[in-house]
Structures are given as C-alpha cells and as structure tokens.
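In the numbering used here, the protein residues as written are 5 to 214.
Below: one structure, written as structure tokens.
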C-alpha cells in the first residue's frame with residue numbers, strides 16, 4: 005500500500021552509499037547474498053529470544069535489499085540479480101516468523117503458521133500476475149525500475165517490514181500481530197485474484213495453463 009510512495013525516499017537515502025559501493029566494484033549480487041545472510045542471523049536471534057538482535061538483522065537485511073537494487077542500476081541490472089532478489093526476499097519473509105515460533109512454540113507456532121500461509125497467498129498471486137503481465141507486455145507505472153511487474157495491495161513489502169519491526173519490539177504480542185497481519189494478507193490475495201480475473205479476461209494463450 006505504501007511501497008510506491010516510499011520508493012523515492014528510499015532511493016534518495018541510499019543514493020550515496022550505493023554510489024560508494026558501485027565505484028569500488030562491489031557486485032549487487034554480493035550485497036543481495038550478504039543481506040540474506042544477515043537476515044538469517046536475525047531469524048536465529050529471534051529463535052534464541054534475542055529480539056533486539058533480530059531487529060538488527062532485519063534492518064540490515066532490508067538496507068541490503070535496497071542497496072543491491074541501487075548498485076545494480078548503476079552497473080546494469082541482470083536477470084540473475086532480479087531472480088536472486090525476489091527469491092531470497094520471499095524465503096526471508098517466510099523464515100522470520102519461524103524464528104518467533106521457535107522461541108515460543110506453545111503460543112507462537114500456530115499464529116506463525118497462519119501468517120506464513122497468508123504469505124503463500126500474497127506471494128503466489130503476486131508472481132502469477134507478474135508472469136501473465138509480462139506475457140502481455142504490461143508494466144507497472146509505479147515501479148518502472150523493478151525487474152518484474154509489481155502488483156500492489158494493502159499488504160506489501162513496507163507493511164510486512166513494519167509488522168516484523170513491531171514483533172521485535174513487542175514479542176509478547178506476536179500472536180495478535182501475526183493473526184492481524186495475516187488477515188490483511190488474505191485480503192490482499194483476494195484483491196489480486198480479482199484483479200487478475202478482471203484484467204486478463206477469459207481469453208488466454210494456448211500455453212497459459214502449462
């Protein structure tokens with residue numbers, strides 16, 4: 005919901021650091037992988053109950069996620085970079101709630117499961133829409149620099165990170181936060197299904213369901 009509005013601010017904040025890294029020849033893919041590794045450290049910290057360290061890992065992961073794109077735009081974006089960025093983001097989003105489930109299985113496991121299930125809905129609808137949009141030559145005006153078509157919703161990346169931050173600051177509220185955000189994710193999934201149904205219509209290419 006807020007991703008498109010926050011993107012210009014993010015680019016301004018990361019412009020200097022990204023230029024510094026690009027001038028020194030740091031590959032965007034290396035930043036992506038380093039960010040994922042730091043995110044995994046955050047997941048492990050959450051599982052151990054070290055929620056401030058989990059927050060640090062989360063922030064480091066998200067900063068790297070912004071930096072890799074800015075560096076890639078200077079060096080020239082690649083398909084491999086876009087693939088890594090998207091694939092590792094989806095895995096990280098699923099793993100972060102797992103850390104809280106491992107920290108307090110009795111109270112957090114079921115809410116974490118519901119939240120991750122809702123992420124499957126938002127992720128699959130996002131990627132399915134992007135595939136068909138690419139096939140039809142569509143582009144998202146709000147995200148002209150992204151590697152694939154970005155379909156918005158009320159639960160996007162910025163909202164997800166916001167709820168993860170809240171979980172780190174208030175770990176005792178994890179069940180309520182997880183279930184509340186899962187509700188928004190399920191609504192987002194439904195709106196994306198409807199958007200695909202309406203935009204793509206009944207016609208399809210011969211291999212559309214392969």
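Here a beta-carbon is modelled for each residue, glycine too, at the ideal position from N, C-alpha and C.
*Give the single residue among 186, 35 and 175 whose Cα lies nearest to the Cα of residue 106.*
Position 102 of the chain shown, counted from the first residue, corresponds to residue 106. With distances taken between Cα atoms, residue 106 lies closest to 175.
_Please state whether the Cβ-Cβ distance between residue 102 and residue 120 is less than 9 Å._
Taking the chain shown and counting its residues from 1, one reaches residue 102 at position 98. Taking the chain shown and counting its residues from 1, one reaches residue 120 at position 116. Yes, the Cβ-Cβ distance between residue 102 and residue 120 is below 9 Å.
*Specify whether the region 153-173 and the region 75-91 touch according to this definition: at least 3 beta carbon pairs, one from each stretch, less than 8 Å apart.*
Verdict: no, contact absent.
_Separation of residue 71 from residue 57, as counted between CA atoms_ = Counted from its first residue, the chain shown places residue 57 at position 53. Counted from its first residue, the chain shown places residue 71 at position 67. About 21 Å.
*asked:* For residue 113 and residue 104, what's the separation of their Cα atoms in angstroms?
replied: The residue given as residue 113 occupies position 109 in the chain shown. The residue given as residue 104 occupies position 100 in the chain shown. The straight-line gap from Cα to Cα measures roughly 8 Å.
*When DSSP labels each residue in this structure, what does residue 21 get in the three-state scheme?*
As a first step, residue 21 is located in the chain shown; it is residue number 17 there, counting from the start. Helix, per DSSP.
*Grab the span of the alpha helix (DSSP H) containing residue 196 for me, first residue to last.*
The residue labelled residue 196 in the question sits at position 192 within the chain shown. Unbroken alpha helix (DSSP H) run through residue 196: 178-204.
*For residue 30, which residues from the same chain have a beta carbon less than 7 Å from its beta carbon, with the 5 sequence-adjacent residues on both sides left out?*
Numbered from its first residue, the chain shown carries residue 30 at position 26. Only 75 meet the Cβ criterion.
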